[in-house]
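If you read the sequence shown in our numbering, its first letter stands for residue 7, the second for the next number, and so on.
Quick reminder that beta carbons are idealized off the backbone N, C-alpha and C, glycines included.
These figures come from a predicted structure and were not determined experimentally.
The structure appears below as structure tokens.
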Amino acid sequence: MRRRIDEYVIREILPLLMAGMLVVVLLLLIAVFIEVLGPILAKGANPLLVGKLIAYSIPEAVGRGLPIALLFAVLIAMTRLAADSEIKSALAGGISPRRLMSPVMVLSVVVALVSFLNVALFVPRSTEQALQTQRDILLDNPRVLVKEGTVFKDALNRAIYIDEILPGNQLRGVQVIQLNTAEPPRELISAERGILENSTGTIVLYDGQRVTYRDAKPVTIASFKEARLPVQDLQATFTGGLKSVLVNQTIQELWTRVKQARDQGFPAYAENTALQRKFAEPAAAIAFGFFAVTLALYSFRSGTNVGLVWVLSLTFLYYATWSVFRVMGENGALPPVIAAWAPDALYVLAGLGLLVVTARR
């Protein structure tokens, strides 16, 4: 009997989970590419490369969307069971509320594990391939990235800013900044103009200046007529800034960056927040499952019905709180641990509150 109930609850949730994941993943992909997809295609980007870029972005979208899809699915399924008096029938048949929670929590743990494996193993690889594809798009036709504030990053951890890209791979307003973990930049190269050599993967700079820094103060200033900048491992990040890529690195890479920053006496807020998110975001599935099932029990006890509008609002409330706490953590306004885990904790606390209220009815 109990096994049959478990299977019944899981069968109610799984189709909604798959549908919810598809919708959320599509929405996340649209949010990322809506501002860049049309312009880069209109400017002559290779459609095959653009298709590869979208495909390599799917694992990251799945990592973010799977826990949210679970919240949506469990809310819909459990509120339907409550509205159709199926929870009432189960309780009348001697099934305890704790027993009704069991299949949901087991499924939540499975989803959390799948999500963690995805963000730990597949997302770093797909992100690297996506960045490589962006590089291929750039070298295939540099004009697709004509956008003020375009940012590139190469294997030597240099950030390359280009104000304007003209026909013939001509560049205007080029700046190259040597980045360092948790330290001010050590070098700035600027040039009025340049050219990108597709065959060699090299940026040639003309009429520029090189400034070196120590403790954020200029040490040497040198001018040059021509300088060659090999960028064979160039990564073009026109779908987000450099911070957005941190969370897609491996756990080992993030831990190394955090440890290096600590050894040098720097907090590394962005790196530490990204490391905590590696664990907190998959674990959100467990918090969501707990909250959704307690909400269903409360809905049954109180006789209220959670409509679709409320379900959608509760589903995307996490994304809103996640965005706020993430920014606060990356900028040091909150400790990284709190910034990463606070959205999960809010749903757990809300579920505990619903359990207390339900027990009194």
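- Within the same chain, L252, V253, L260 come within 6 angstroms of A280 by CB-CB distance, once the 5 residues on both sides are set aside.
- Taking 8 angstroms as the cut-off, the beta carbon of I183 is found no closer than this to the beta carbon of R216.
- In the three-state reduction of the DSSP assignment, V120 falls in the helix class.
- The C-alpha of I19 is placed about 19 angstroms away from the C-alpha of G357.
- For R263, the enclosing alpha helix (DSSP H) starts and ends at 257 to 269.
- For R164, the enclosing beta strand (DSSP E) covers residues 164 to 172.
- In this structure, F331 and A348 form a Cβ contact; the two beta carbons are roughly 5 angstroms apart against a cut-off of 8 angstroms.
- Contact between Y324 and I11 is absent: CB atoms are separated by about 28 angstroms, not below the 8 angstroms threshold.
- If you check the CB distance, L172 and I209 do not come in under 8 angstroms.
- If you check the CB distance, V299 and M84 come in under 8 angstroms.
- Annotation: the continuous beta strand (DSSP E) that includes V217 extends over 208 to 220.
- Here I227 is exposed. Its C-beta has fewer than 16 other C-beta atoms within 10 Å.
- When DSSP states are grouped into helix, strand and coil, V180 belongs to the strand group.
- Shown here for T139: same chain residues with a beta carbon closer than 8 angstroms to its own, the five before and five after excluded, namely L55, K58, L59, Y62 in chain order.
- The Cβ-Cβ distance between G359 and V110 does not fall below 8 angstroms.
- A direct Cα-Cα distance of roughly 23 angstroms separates L22 from A286.
- Non-local C-beta neighbours of G335 in its own chain, meaning closer than 7 angstroms and more than five positions away in sequence, comprise Y275, T279, P342, A345, A346, ordered along the chain.
- Rounded to whole angstroms, the separation of the alpha carbons of A136 and F78 is 29 angstroms.
- In the structure shown, P190 falls within a strand segment according to DSSP collapsed to helix, strand and coil.
- Counting the other CB atoms within 10 Å of its CB gives L34 a total of 16 or more, which places it among the buried residues.
- Secondary structure in the stretch 25 to 88: the alpha helix (DSSP H) runs of 4 residues or longer, each lying completely within the stretch, are 43 to 48 in chain order.
- Using a Cβ distance threshold of 8 angstroms, E277 and A289 do not count as a contacting pair.
- Looking at the DSSP output, R17 sits in no beta bridge, so it has no partner there.
- In the DSSP assignment, A302 falls outside any beta strand (DSSP E) and lies within the alpha helix (DSSP H) extending over 275 to 308.
- Put simply, the backbone Cα of S305 is about 20 angstroms away from that of S114.
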